[in-house]
Ligand code: AMP
Ligand code: GLY
C-alpha cells in the first residue's frame, strides 16, 4: 500500500521471493505497474482495501506510509484476521505523536534531546521567551514532514508556535508541541525490525534533505541517500542497537503496546553518542531505495515471520556492498511544479542500475510521465560508496524529463 519510491522498492524486493506469486499495489505508480497490478484504491480508503484483501484472499498486506498506520489500518485488517505488516494504531503513536514518543524515551532513559511538552499556546510562548536560543519546535502530530522548525532566533521560534498552535497550519497535529534543545552532530536513519518478542537491527543510511548541492536551499522529502553511513563503525552500530533501538522496542512491550514491523530511528550522532530526533513507524523514503538492494535475504519470509511472531527463526543477511540513490525531481520542487511530462531514457541505463519510481504514472497513450515532486530514484550498488556513486552519476543523465533536477553531491559527505 502506497505510491512512492519506497513502495516501488518494496514491491521490487518482494517480487524476487520464490514464494510470492501475485502482487497488487494500491495505488502504486508506473514502476509498480510493471511488477504488480495497480489498484485504484486510495491509501485512506480502509474499508475498500479490507474488502479487496478478503475477496482476493491476500496472504500479506504491507503498509508503506504513516498516515494509514496512524489511522489504524493494521487494526482494521487484523479485525478480519488478515495478515498485515506494520504497527497497529497504538504502537504507531511512536511516530504519530511526538509527545508520546518523548514521554516513552524520557521514561526509559533512551538518549534524546531534553524537551518539554506544552499544550497551551500562551504557555508555549512564555516558555520560549524564557529560554536561550536555539530551540527546536515540533508539532505533536503528523504534519507531512513539515511540523519541525529548528529556530535559531526567538522570533523564528515564536513564529513557528504561531503557525503550529494558533493558525493550526497542520490542524489537530498542532494542539500540542514538543520544544527541545538543538542537537549538533551527524544525522543518520537506522532501521530495526520487530515482532512481539524479538527485535533485530537492519542497516542504516543517510538522507540528503536540502534541495541543492552543499545542503543549500529548502528541505525536501529527501534528494538522495546512501548506505552504510561513511562514519558508521561497529562500535556505533552496537551503541545504536543496545542504547536506542532494542530498549525502545522493549519499552513498547513493557508499556503493553508491542511494536510490529519496521521501526525507523532518526538519529543525531552527537559528541555524547547517538541520540534520537524522532521515531517513524515505517520504512524511510528514500532510505528504502538504498537499503533493500543491500538485503540478501527474502523480504517476504522476514515479513511473514514478523506477522507470525516468529522473527527469532530468521537470519537476516546483508550484502557487503554499499548503495547510493539519487533522486530526480520535478523543476520547481519542493515548490510548485508541472506534471504529466514525458520521461525518456528509462531503458538506456546500464543493467546494474536500478530505477525506482515515485511520482510517475502511465498516461492515456501508454507513456510514462511525471506525477509528483520526487519522480525517480536512480540507484546502484558498488564495492564502496565511491564506486556506487560513480555508477549512478555515469547513468543518471541518460534519463530526462523537462525541468528535471538532481543533486550532484549525494554520498560526497559533509
Ligand atoms: P524530525 O521530523 O524530528 O526528524 O525533524 C526533521 C529535521 O529537523 C531533522 O532531520 C533534523 O535535521 C532536524 N531536527 C529535529 N530535531 C532536532 C534537534 N533536536 N536538534 C537538531 N536538529 C533537529
Ligand atoms: N527520509 C525521511 C522519511 O522517510 O521520513
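Numbering (our numbering), first residue to last: 11 to 424. For every residue, glycine included, the Cβ atom is placed at its ideal position computed from N, Cα and C. On a predicted model such as this, the values are computed, not experimentally measured, just so you know.
Give the range of the beta strand (DSSP E) segment to which residue i is assigned.
i	result
residue 199	196 to 204
residue 425	This structure leaves residue 425 out entirely; the chain is present only between 11 and 424.
residue 391	384 to 392
residue 189	187 to 191
residue 222	220 to 222
residue 145	145 to 149
residue 226	226 to 229
residue 371	370 to 372
Cα-Cα, which of the options is closest to residue i?
i	options	result
residue 228	345, 217, 303 and 178	345
residue 420	256, 215, 272 and 411	215
residue 108	101, 136 and 151	151
residue 94	188, 315 and 37	315
residue 52	306, 370, 37 and 44	37
residue 295	155, 194 and 414	155
residue 113	400, 358, 367 and 288	288
residue 273	281, 258 and 405	258
residue 279	252, 199 and 325	199
residue 383	27, 163, 48 and 350	350
residue 235	164, 371, 165 and 298	298
residue 255	17, 29, 122 and 148	122
residue 342	221, 390, 371 and 307	221
residue 416	390, 81, 391 and 386	386
residue 105	157, 57 and 209	157
residue 175	189, 77 and 324	189
residue 263	320, 134 and 209	209
residue 187	71, 75, 307 and 146	146
residue 179	250, 148, 66 and 164	148
Return the CA-CA distance between residue i and residue j, expressed in angstroms with no decimal places.
i	j	result
residue 129	residue 185	6 Å
residue 90	residue 59	12 Å
residue 153	residue 159	12 Å
residue 397	residue 237	13 Å
residue 242	residue 132	42 Å
residue 493	residue 177	Any question about residue 493 goes unanswered here, given that the chain covers just 11 to 424.
residue 400	residue 408	14 Å
residue 335	residue 356	15 Å
residue 418	residue 406	10 Å
residue 331	residue 240	13 Å
residue 212	residue 365	23 Å
residue 19	residue 205	22 Å
residue 223	residue 340	16 Å
residue 414	residue 348	10 Å
residue 310	residue 284	31 Å
residue 118	residue 359	49 Å
Could you tell me if residue i is buried or exposed, where buried requires 16 or more neighbouring beta carbons within 10 angstroms of its beta carbon?
i	result
residue 126	exposed
residue 218	buried
residue 13	buried
residue 312	buried
residue 353	buried
residue 31	exposed
residue 362	exposed
residue 381	buried
residue 64	exposed
residue 61	exposed
residue 248	exposed
residue 327	exposed
residue 194	exposed
Assuming residue i is part of the alpha helix (DSSP H), what are its boundary residues?
i	result
residue 137	131 to 139
residue 423	Taken as a continuous stretch (DSSP letters only), residue 423 belongs to no alpha helix (DSSP H), as it is neither H nor E.
residue 57	56 to 65
residue 217	Element bounds for residue 217: not the alpha helix (DSSP H) but the beta strand (DSSP E), 209 to 217.
residue 405	395 to 405
residue 153	First-last for residue 153: undefined, no H or E at that position.
residue 247	244 to 249
Pick out the complete beta strand (DSSP E) segments inside the region 254 to 329, 3 residues or longer, and give them in chain order.
Entirely contained in the region 254 to 329, the beta strand (DSSP E) runs reaching 3 residues are, in chain order, 271 to 280 and 283 to 290.
task = Would you mind listing the alpha helix (DSSP H) stretches within the region 61 to 108 that are 4+ residues and don't spill past its ends, in chain order?
result = Entirely contained in the region 61 to 108, the alpha helix (DSSP H) runs reaching 4 residues are, in chain order, 76 to 81, 83 to 89 and 103 to 106.
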